[in-house]
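Numbers 432 to 666, taken from this note's numbering, label the letters of the sequence shown in order.
Note that CB positions come from ideal geometry on N, CA and C, so glycine has one too.
The block underneath contains the structure these notes are about, expressed in C-alpha coordinates.
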Amino acid sequence: MTSSPVVLFHAGRPLDIIRVVCSMMHLIGAIMLLLNTFSKTILAERTPRSIKAQLDLFDVVPDVINTYPESECEVIYSCMNCPEDGRVVDFGTEIHPIETQVEPSVEWPADPNLNYALVLVDPDVPSKAVPTMREWQHWLVVNIPGIDFMSGKVLTEYQGATPPNGTGPHRYVFSVYQQPRKNMTFVEPKIEKRSDKNRSMFSTRRFADEYKLGDPIAVNFFMSEYNYPPRKPGE
(Lines of atoms letter the chains of each structure in order from A and count residues from 1; the text may use other names and numbers.)
(Lines give C-alpha, C1' and ligand atoms only; values in the text may rest on other atoms or scores of the structure.)
Protein backbone atom coordinates (compact mmCIF):
# COMPACT_ATOMS: atom_id res chain seq x y z
CA MET A 1 0.00 0.00 0.00
CA THR A 2 1.43 3.35 -1.04
CA SER A 3 1.24 6.07 1.58
CA SER A 4 0.06 9.53 0.61
CA PRO A 5 2.73 12.25 0.35
CA VAL A 6 3.02 14.52 3.34
CA VAL A 7 1.87 18.08 2.59
CA LEU A 8 4.24 20.49 4.36
CA PHE A 9 2.55 23.73 3.37
CA HIS A 10 -1.02 24.79 3.20
CA ALA A 11 -2.29 26.39 0.03
CA GLY A 12 -0.71 29.82 -0.42
CA ARG A 13 1.94 29.26 2.28
CA PRO A 14 4.97 28.90 -0.08
CA LEU A 15 4.11 32.25 -1.68
CA ASP A 16 4.00 33.89 1.76
CA ILE A 17 7.45 32.52 2.57
CA ILE A 18 8.84 33.82 -0.71
CA ARG A 19 7.47 37.24 0.12
CA VAL A 20 9.07 37.15 3.57
CA VAL A 21 12.42 36.07 2.11
CA CYS A 22 12.31 38.87 -0.47
CA SER A 23 11.53 41.40 2.23
CA MET A 24 14.45 40.15 4.32
CA MET A 25 16.79 40.41 1.32
CA HIS A 26 15.71 44.00 0.71
CA LEU A 27 16.27 44.79 4.39
CA ILE A 28 19.73 43.20 4.37
CA GLY A 29 20.61 45.16 1.22
CA ALA A 30 19.52 48.42 2.85
CA ILE A 31 21.56 47.65 5.97
CA MET A 32 24.67 46.86 3.89
CA LEU A 33 24.25 50.15 2.00
CA LEU A 34 23.99 52.08 5.27
CA LEU A 35 27.05 50.32 6.69
CA ASN A 36 29.04 51.04 3.52
CA THR A 37 28.07 54.72 3.62
CA PHE A 38 28.85 54.91 7.33
CA SER A 39 32.28 53.29 6.90
CA LYS A 40 33.18 55.68 4.08
CA THR A 41 32.14 58.63 6.23
CA ILE A 42 34.29 57.43 9.11
CA LEU A 43 37.29 56.91 6.82
CA ALA A 44 36.80 60.36 5.31
CA GLU A 45 36.77 62.12 8.67
CA ARG A 46 40.49 62.41 9.30
CA THR A 47 41.47 64.07 12.55
CA PRO A 48 44.61 66.21 12.91
CA ARG A 49 46.08 63.40 15.00
CA SER A 50 45.47 60.72 12.36
CA ILE A 51 46.79 63.04 9.62
CA LYS A 52 50.00 63.56 11.61
CA ALA A 53 50.37 59.82 12.17
CA GLN A 54 50.15 59.06 8.44
CA LEU A 55 52.51 61.89 7.45
CA ASP A 56 55.06 60.56 9.95
CA LEU A 57 54.55 56.92 8.95
CA PHE A 58 55.24 57.65 5.27
CA ASP A 59 57.91 60.33 5.91
CA VAL A 60 55.96 63.02 4.07
CA VAL A 61 57.19 65.14 6.96
CA PRO A 62 60.04 66.03 6.57
CA ASP A 63 60.64 64.80 2.99
CA VAL A 64 58.13 67.19 1.39
CA ILE A 65 56.73 69.55 4.03
CA ASN A 66 57.84 70.65 7.49
CA THR A 67 54.54 71.01 9.31
CA TYR A 68 51.36 69.05 9.90
CA PRO A 69 48.22 70.49 8.28
CA GLU A 70 45.08 69.92 10.33
CA SER A 71 42.87 69.36 7.29
CA GLU A 72 42.88 66.82 4.49
CA CYS A 73 42.82 67.59 0.82
CA GLU A 74 39.99 65.44 -0.57
CA VAL A 75 41.11 63.82 -3.83
CA ILE A 76 39.06 61.48 -6.02
CA TYR A 77 40.12 59.91 -9.32
CA SER A 78 37.61 58.85 -11.97
CA CYS A 79 38.64 56.16 -14.45
CA MET A 80 37.32 53.14 -16.34
CA ASN A 81 38.43 50.71 -13.62
CA CYS A 82 37.42 52.92 -10.71
CA PRO A 83 34.33 52.29 -8.55
CA GLU A 84 31.21 54.33 -9.32
CA ASP A 85 32.10 56.89 -6.67
CA GLY A 86 35.73 57.07 -7.85
CA ARG A 87 39.11 56.04 -6.47
CA VAL A 88 39.54 57.93 -3.21
CA VAL A 89 42.98 59.08 -2.10
CA ASP A 90 43.35 58.48 1.63
CA PHE A 91 46.84 59.03 3.09
CA GLY A 92 48.73 56.14 1.57
CA THR A 93 46.09 54.49 -0.63
CA GLU A 94 47.71 52.20 -3.21
CA ILE A 95 46.59 53.27 -6.69
CA HIS A 96 47.64 51.80 -10.04
CA PRO A 97 49.39 54.36 -12.29
CA ILE A 98 46.86 53.88 -15.09
CA GLU A 99 44.07 55.06 -12.77
CA THR A 100 45.75 58.43 -12.27
CA GLN A 101 46.25 59.63 -15.83
CA VAL A 102 43.29 62.03 -15.77
CA GLU A 103 43.44 64.88 -13.27
CA PRO A 104 41.31 64.19 -10.18
CA SER A 105 38.71 66.28 -8.42
CA VAL A 106 40.23 68.11 -5.45
CA GLU A 107 38.61 69.91 -2.51
CA TRP A 108 39.79 71.44 0.75
CA PRO A 109 38.40 73.72 3.48
CA ALA A 110 38.43 77.08 1.70
CA ASP A 111 37.24 80.66 1.90
CA PRO A 112 35.66 81.57 -1.46
CA ASN A 113 37.07 85.09 -1.10
CA LEU A 114 40.68 83.90 -0.96
CA ASN A 115 43.12 82.39 -3.45
CA TYR A 116 44.97 79.11 -3.01
CA ALA A 117 47.88 77.21 -4.56
CA LEU A 118 47.75 73.45 -5.25
CA VAL A 119 50.93 71.39 -5.56
CA LEU A 120 51.35 67.72 -6.51
CA VAL A 121 54.82 66.16 -6.39
CA ASP A 122 56.61 62.82 -6.37
CA PRO A 123 59.52 63.05 -3.92
CA ASP A 124 60.80 59.56 -4.79
CA VAL A 125 62.61 60.21 -8.08
CA PRO A 126 64.11 58.04 -9.28
CA SER A 127 63.36 56.10 -6.06
CA LYS A 128 62.78 56.74 -2.39
CA ALA A 129 66.06 55.03 -1.58
CA VAL A 130 68.02 57.25 -3.99
CA PRO A 131 65.97 60.46 -4.50
CA THR A 132 68.60 62.32 -6.51
CA MET A 133 65.96 64.17 -8.57
CA ARG A 134 63.56 64.99 -5.71
CA GLU A 135 60.90 66.40 -6.22
CA TRP A 136 59.16 65.76 -9.54
CA GLN A 137 56.40 68.25 -10.33
CA HIS A 138 53.16 66.61 -11.41
CA TRP A 139 50.79 69.56 -11.04
CA LEU A 140 51.03 73.20 -10.00
CA VAL A 141 48.00 75.50 -9.99
CA VAL A 142 47.93 78.96 -8.37
CA ASN A 143 45.49 81.84 -7.86
CA ILE A 144 42.67 79.35 -7.28
CA PRO A 145 39.49 81.13 -6.12
CA GLY A 146 38.20 79.06 -3.20
CA ILE A 147 38.20 75.41 -4.29
CA ASP A 148 37.54 76.15 -7.96
CA PHE A 149 40.89 74.86 -9.18
CA MET A 150 39.58 74.78 -12.75
CA SER A 151 39.59 78.59 -12.63
CA GLY A 152 43.14 78.84 -11.27
CA LYS A 153 46.27 79.57 -13.26
CA VAL A 154 48.04 76.36 -14.30
CA LEU A 155 51.82 76.68 -14.12
CA THR A 156 52.53 72.96 -14.49
CA GLU A 157 49.98 70.92 -16.40
CA TYR A 158 48.82 67.70 -14.78
CA GLN A 159 50.83 64.53 -15.26
CA GLY A 160 49.66 61.24 -13.74
CA ALA A 161 51.79 58.82 -11.74
CA THR A 162 54.75 57.50 -13.73
CA PRO A 163 56.87 55.37 -11.38
CA PRO A 164 59.69 53.70 -13.37
CA ASN A 165 60.01 49.92 -13.35
CA GLY A 166 62.14 48.55 -10.52
CA THR A 167 62.07 51.70 -8.36
CA GLY A 168 59.56 50.51 -5.78
CA PRO A 169 56.55 52.43 -4.44
CA HIS A 170 56.44 56.18 -4.99
CA ARG A 171 54.59 58.75 -2.86
CA TYR A 172 52.43 61.30 -4.65
CA VAL A 173 51.78 64.24 -2.34
CA PHE A 174 49.06 66.88 -2.71
CA SER A 175 49.51 70.05 -0.64
CA VAL A 176 47.39 73.19 -0.57
CA TYR A 177 48.49 76.69 0.47
CA GLN A 178 46.46 79.79 1.23
CA GLN A 179 47.92 82.69 -0.69
CA PRO A 180 48.53 85.98 1.13
CA ARG A 181 47.00 87.88 -1.80
CA LYS A 182 44.74 87.31 -4.77
CA ASN A 183 46.09 87.07 -8.31
CA MET A 184 49.71 86.89 -7.27
CA THR A 185 52.53 86.90 -9.82
CA PHE A 186 54.46 83.63 -9.93
CA VAL A 187 57.68 83.62 -11.91
CA GLU A 188 57.80 79.92 -12.80
CA PRO A 189 58.35 78.14 -16.13
CA LYS A 190 55.18 77.02 -17.88
CA ILE A 191 55.30 73.22 -18.13
CA GLU A 192 53.04 71.46 -20.60
CA LYS A 193 51.44 68.07 -19.99
CA ARG A 194 53.70 66.06 -22.29
CA SER A 195 56.88 67.83 -21.29
CA ASP A 196 59.34 66.56 -18.66
CA LYS A 197 61.51 69.67 -18.88
CA ASN A 198 61.81 71.59 -15.57
CA ARG A 199 59.73 69.03 -13.65
CA SER A 200 62.62 67.54 -11.66
CA MET A 201 64.49 69.08 -8.72
CA PHE A 202 61.42 71.03 -7.63
CA SER A 203 60.93 71.81 -3.94
CA THR A 204 57.48 72.32 -2.46
CA ARG A 205 59.08 73.84 0.61
CA ARG A 206 61.23 76.26 -1.38
CA PHE A 207 58.28 77.26 -3.57
CA ALA A 208 56.17 78.08 -0.51
CA ASP A 209 59.02 80.06 1.06
CA GLU A 210 59.77 82.04 -2.10
CA TYR A 211 56.19 83.27 -2.44
CA LYS A 212 55.57 83.58 1.31
CA LEU A 213 52.70 81.11 1.27
CA GLY A 214 53.28 79.95 4.83
CA ASP A 215 52.50 76.40 5.92
CA PRO A 216 50.21 74.10 3.94
CA ILE A 217 46.60 74.15 5.11
CA ALA A 218 45.65 70.74 3.67
CA VAL A 219 47.43 67.61 2.48
CA ASN A 220 46.89 64.10 1.16
CA PHE A 221 48.89 61.47 -0.71
CA PHE A 222 48.75 58.08 -2.40
CA MET A 223 51.24 55.36 -3.26
CA SER A 224 51.87 53.98 -6.74
CA GLU A 225 54.28 51.45 -8.17
CA TYR A 226 55.07 50.32 -11.72
CA ASN A 227 54.08 46.71 -11.19
CA TYR A 228 50.95 47.12 -9.07
CA PRO A 229 48.48 44.57 -10.47
CA PRO A 230 45.68 46.22 -12.49
CA ARG A 231 42.30 46.24 -10.78
CA LYS A 232 39.17 44.79 -12.31
CA PRO A 233 36.43 47.31 -13.15
CA GLY A 234 34.63 48.44 -10.00
CA GLU A 235 37.20 47.08 -7.51
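- In summary, P647 is buried, with 16 or more beta-carbon neighbours lying within 10 Å of its beta-carbon over all protein chains present.
- When DSSP reads this structure, L571 sits in a beta bridge with V550 and T587.
- Closest option to Q568, judged by alpha-carbon separation, among R636, T524, L545 and S481: R636.
- With respect to the 9 Å criterion, S655 and Y603 are classified as neighbours on the basis of their beta carbons.
- Spatial neighbours of R565 in its own chain (CB-CB distance under 7 Å, excluding positions within 5 residues in sequence) are listed in chain order as P554 and V556.
- R630 is classed as buried because its beta carbon has at least 16 other beta carbons within 10 Å across all chains shown.
- In the structure shown, E530 adopts helical secondary structure according to DSSP, grouped into three states.
- Per DSSP, the continuous beta strand (DSSP E) segment holding V520 begins and ends at R518 to V520.
- If you ignore the 5 residues before and after E505, its C-beta comes within less than 6 Å of the C-beta of E538, all in its own chain and listed in chain order.
- Judged by beta-carbon spacing, G517 lies beyond the 9 Å limit of L549, meaning their Cβ atoms are not closer than that value.
- With 16 or more other Cβ atoms inside 10 Å of its own Cβ, A649 counts as buried.
- The C-beta of G597 has fewer than 16 other C-beta atoms within 10 Å across all chains shown, which makes the residue exposed.
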